[in-house]
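192 is the number of the first residue of the sequence shown in my numbering; add one for each residue after it. First the structure, in the form of structure tokens, and then the observations on it.
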Amino acid sequence: MATLCASLPAFASPHRKSIKMDPDVLEQPLNPESLKQILAFFSKNGLTEAEETLKREASAVLRLSKEPLDTNEVNNDAILREFGSLLSHVDASFDNFRAEFASLLFPIFAHLYIQLIFEGHSSLARAFGEKYARSVPSMYEEPTYSLLRISTHGQAVGHPLVHALTKNNFVLRMSKATIKQLEPFLARNATIKEIIHDHIVIEPVDGTRTKAAVEASLGGIIGQISRQDRKHKMFYGTVKEDLSSQLGVEKKRPKGKDRSDGKKKDANGPAPDRIPLPALIDRRSMVKESTKKVRISAESPPSVCLYTALNASGGLTAADFSDDSSCLAVGYGNSIVQVHCLNEEKLCPLKKIEQLEALDIDADDIFEQVYDESQAATQLTFQGHTKSVCSVNFSPDKRLLLSSSSDATVRLWNIATRSNVVVYRQILPVWQAQFCSRSYYFATGSADGTATLWATDRLQPLRIFADALSDVSCIDFHPNCNYIIGGSDDRYVRVWDVLSGACVRTFSSHKGPIRAVKVSPCGRYLASVGAEGSLVIWDMGMQRAVCLQEVTPTPFMSALAFSREGSALALGRSDCGLSFYSLDSVTTHTTSQEHLSNDPKINPNGFHMFTYSTKQTPIVGLHFTRRNLVLGVGAFGQ
192 MATLCASLPA
202 FASPHRKSIK
212 MDPDVLEQPL
222 NPESLKQILA
232 FFSKNGLTEA
242 EETLKREASA
252 VLRLSKEPLD
262 TNEVNNDAIL
272 REFGSLLSHV
282 DASFDNFRAE
292 FASLLFPIFA
302 HLYIQLIFEG
312 HSSLARAFGE
322 KYARSVPSMY
332 EEPTYSLLRI
342 STHGQAVGHP
352 LVHALTKNNF
362 VLRMSKATIK
372 QLEPFLARNA
382 TIKEIIHDHI
392 VIEPVDGTRT
402 KAAVEASLGG
412 IIGQISRQDR
422 KHKMFYGTVK
432 EDLSSQLGVE
442 KKRPKGKDRS
452 DGKKKDANGP
462 APDRIPLPAL
472 IDRRSMVKES
482 TKKVRISAES
492 PPSVCLYTAL
502 NASGGLTAAD
512 FSDDSSCLAV
522 GYGNSIVQVH
532 CLNEEKLCPL
542 KKIEQLEALD
552 IDADDIFEQV
562 YDESQAATQL
572 TFQGHTKSVC
582 SVNFSPDKRL
592 LLSSSSDATV
602 RLWNIATRSN
612 VVVYRQILPV
622 WQAQFCSRSY
632 YFATGSADGT
642 ATLWATDRLQ
652 PLRIFADALS
662 DVSCIDFHPN
672 CNYIIGGSDD
682 RYVRVWDVLS
692 GACVRTFSSH
702 KGPIRAVKVS
712 PCGRYLASVG
722 AEGSLVIWDM
732 GMQRAVCLQE
742 VTPTPFMSAL
752 AFSREGSALA
762 LGRSDCGLSF
772 YSLDSVTTHT
782 TSQEHLSNDP
792 KINPNGFHMF
802 TYSTKQTPIV
812 GLHFTRRNLV
822 LGVGAFGQ
């Protein structure tokens, strides 16, 4: 299976300010005090070669080797003492304050370490890191040790994590009582107070917060989500189509109603013409099957059909089922894409152009005549990628297939012509490509830190969303096609508006890279899976986490799918299993106090329903049929 690169996008170095020299200074003799100031300037700006040269030459002339050259030695010792005082303050605090005080440890540690590196005190920074790195909360262990690998000013300037921390404020929410308890400590520790003033934003909240609630909201590289980022309006509702006319059923309407109005309006839904969308395809067969679906619940367990790939060359890296469940597309590590028929119906190619021109277009069976039944096949193989396939996705009408790859391309395949019709190129590997529910538009998530909106009739992207601080590793379209959801290695889940290009929602709770995102059929709820082992349900209307469930940690992309009516969701486990969870249990059965609280439920009772185990087959792809039969696919022994 294709692993994800955890690299962040590179950023340009900041411009240094020009220094104007007073001409009278050049006439003055160079004394030890002036030399110390020059050396401090070289050290602060990373001019290490000039600093070492001046030390070597000046020591012979002025005999500075016997004198201390570091004018900031006292201040640097104070840095170590102040951080030690912060740890003591956290440990001595009452339980109701300790968790919120501890949330300051990572940003303060990071900025103190970066400050020492920028000032050229590498040895002191190393000693500081070795002494206090283990005191940082475990959820920030990965970025902490990423910082410790930086030892010079040049490495710090080009490091994306340093850029993210220095160019963005670290946002924390604290109760007013905790903030009041923090003020006397800051009055005694000027360096930490300055860091909080320059780089940390503390937003006050009413009431006390439990340790579980505080830890559940942390994990993002630049902290929690600011109130300023929560003011966007989102039309998360979906348009419910009245399909009785397609079924040949006459519905009686009250007098005075427009008989052509076949759509039920949602107060939270977007206007039908907010973005241009293609017409709906004929859904009669879908509606007929949907009437026979079984609602999954704790009393009604699902039925699962699992397809297993044997001897997968290069590993099974991607899989997707068509909407009607008749076809399965798989991608392999050796760059091959295959399409398999899952029923008795075979895939027939279009006839050649000469044969099509000879057909009678007025014939009743013209749509059957255009296909060459002599070339029918149950399996198709597509070759074109040069590296591992990262994702595959069918269009809703099953005519087109998208595949993304580590070779930085997305390929659009035509099933009927059995050919690659378009190649969309990006700069870095494309981790996922996903069609919207109306075909035409599709979105991609890439290692260059962007989510991108495309259209099948254009080679250039329609929108580029560049808010992420790292790889956008997973992507999904909202059911109403107006929003794109992206999960990133920077631990945030973002929702982008297709029309405006703005990021209208940002969610923070995961302690590791995001491995899967999926929107519920109703459009209000969003599920995300983190590599550290957490499944979070988000309410996009209320802009909060509904619940947090501990699951098996996974280093790879996870298979995640909602049932057709949205009451349940299935998650493929990295330990060769399949788990089912009840969305209804955390969204419908809530008390008034729980409804008013912004804190998520942690491992709520009734949320986890069932777990099915496989022998040695991790699940790569999941799909609910129109009758809510669960289809899965994986590679044996992978």
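Note that CB positions come from ideal geometry on N, CA and C, so glycine has one too.
- Excluding its 5 nearest sequence neighbours in each direction, Gly703 has C-beta neighbours in its own chain below 6 Å: Gly721, Ala722, Glu723, listed in chain order.
- For Glu490, the three-state secondary structure derived from DSSP is coil.
- In the three-state DSSP reduction, Ser719 falls in the strand class (E or B).
- For the set Val601, Glu545, Ile606, the Cα lying nearest the Cα of Ala567 is the one of Ile606.
- Residue pairing by DSSP places Trp687 opposite Ile675, Cys694 in a beta bridge.
- Sequence-distant Cβ neighbours of Ser294 in its own chain, meaning closer than 7 Å and more than five residues away, are Leu363, Val405, Leu409.
- Counting the other Cβ atoms within 10 Å of the Cβ of Glu291 gives 16 or more, which makes it buried.
- Within the same chain, Ser513, Asp514, Asp515, Ser517, Cys518, Ile606 come within 8 Å of Lys589 by CB-CB distance, once the 5 residues on both sides are set aside.
- Taking 8 Å as the upper bound for CB-CB distance, Ala407 and Ala736 are in contact here, some 7 Å apart.
- Contact between Asp457 and Thr429 holds: their C-beta atoms lie close to 6 Å from each other, under 8 Å.
- Here Lys358 carries a helix assignment [DSSP, helix/strand/coil].
- Remark: C-beta atoms of Ser664 and Trp622 approach each other more closely than 7 Å.
- Beta-bridge annotation (DSSP): Leu660 is not paired with any residue.
- The DSSP-derived three-state label of Ser417 is coil.
- Contact annotation: Ser711 and Gly757 have beta-carbon atoms nearer than 7 Å.
- Distance between Thr802 and Lys542, taken at the CA atoms: about 47 Å.
- Runs of the alpha helix (DSSP H) spanning 4 or more residues and lying entirely within the segment 299 to 349 occur at 313 to 323, 332 to 339, 344 to 348, in chain order.
- In the DSSP secondary-structure assignment, Gln574 is not bridged to any residue.
- Bridge pairing for Glu564: absent [DSSP].
- Going by beta carbons, Pro670 and Gly714 fall inside the 7 Å limit.
- By the beta-carbon neighbour count (other beta carbons within 10 angstroms, threshold 16), Val684 is buried.
- Between Ile466 and Val727 a beta carbon distance of about 28 Å is seen, past the 8 Å cut, so the two are scored as non-contacting.
- Put simply, of Gly414, Ile299, Pro587, Ser337 the residue whose alpha carbon is nearest the alpha carbon of Ile270 is Ile299.
- A Cβ-Cβ contact shorter than 7 Å links Phe633 with Ala624.
- For Pro620, the number of other beta carbons within 10 angstroms of its own is at least 16, and it is reported as buried.
- For the set Ala500, Phe288, Ala347, the Cα lying nearest the Cα of Gly828 is the one of Ala500.
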